[in-house]
């Protein structure tokens, strides 16, 4: 058997959103049913290098297929200035649950961007108004692209308003999508008044106010991934149907981490987990709902589900590079 090596281009080409979104939905469902194993994310702190490593293992059983793997990811803020390297890099090892054979080693950075967009699409499908046609995006970095790509698979998005302090990033985003959408720059308030809003910034002080948000806007809060990060005003979270991906992660490092740990927001203010909605144990959007918020921190089960999709498509498309990682070919000689 051969292990498949997939670089970022291979992952991008084979992470088809039409397949990835339902796979991520199945991951949420498996987690809710108890058909998944996902140990807590572990950290190796390296203060001498101003960085850290994080390991994210998981297994999930979707019924028709199962998947296992581990993502090894870092955060080294000095990489850009000192080494001309990305701050965050990830490597995904995707293994056969039956034999543990390493089926693929793939770029985990592109994989993370794709599965994060797909997670927002799952939440949007269950929580946004059915006729949502406008999408606001605050933050025009790399994550913004997959937000639009994924959400457009679950809603007929026509108008896109993108807001960012960096005009060049806004211009690049518009160039990428102007042939397919009515996309324009706008203020945070203009973006937040859309039917769906995705926030993908690293801020630690809220930039979206309660008055900015439309009466029935669904918000995907995607930017907070560490303690202290906080994009949305507390009043939004308190007024919204608030849905999370995982209680431990969101209260530690998700959008709700600051108000939750300050006692402003409690468990009583959390409507439920996205998995509960996916399996039908809780309702998604109802006619009585106003604002809804999905607090996404990203789960390891999403990575293995995304890796499953990428691997299967790459095999079908004969993409990547096959190599004998374990040296098993020598045994027949």
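Numbering (the numbering used here), first residue to last: 472 to 804.
All residues carry an ideal CB built from backbone N, CA and C; glycine is no exception.
- Residue 689 is positioned such that its CB atom lies no closer than 8 Å to that of residue 695.
- Taking residue 641 as reference, the option from 627, 609, 726, 629 with the minimal CA-CA separation is 609.
- Taken atom to atom, the span from the alpha-carbon of residue 554 to that of residue 736 is near 41 Å.
- Sequence-distant partners of residue 576 (beyond 5 residues in either direction) whose C-beta falls short of 8 Å from its own C-beta, in its chain, are 474, 475, 476, 477, 562, 563, 564, 565, 796.
- Here the segment 769-783 lies against the segment 488-505, with 3 or more beta-carbon pairs under 8 Å apart.
- Nearest in C-alpha terms to residue 627, of all of 643, 667, 590, 639, is 667.
- In the three-state reduction of the DSSP assignment, residue 512 falls in the coil class, being assigned neither a helical nor a strand state.
- Under the three-pair Cβ rule at 8 Å, the segment 502-512 does not count as touching the segment 595-607.
- Residue 712 has its alpha-carbon roughly 12 Å from the corresponding atom of residue 706.
- Within the segment 543-604, the alpha helix (DSSP H) runs of at least 4 residues that lie entirely inside it are, in chain order, 550-554, 579-598.
- Residue 604 and residue 794 have their C-alpha atoms some 45 Å from each other.
- The criterion of a C-beta distance shorter than 8 Å is satisfied by residue 744 and residue 715.
- DSSP places residue 488 within a helical segment (H, G or I) once states are collapsed to three.
- Membership of residue 530 in the beta strand (DSSP E) is indicated by the continuous run 522-532.
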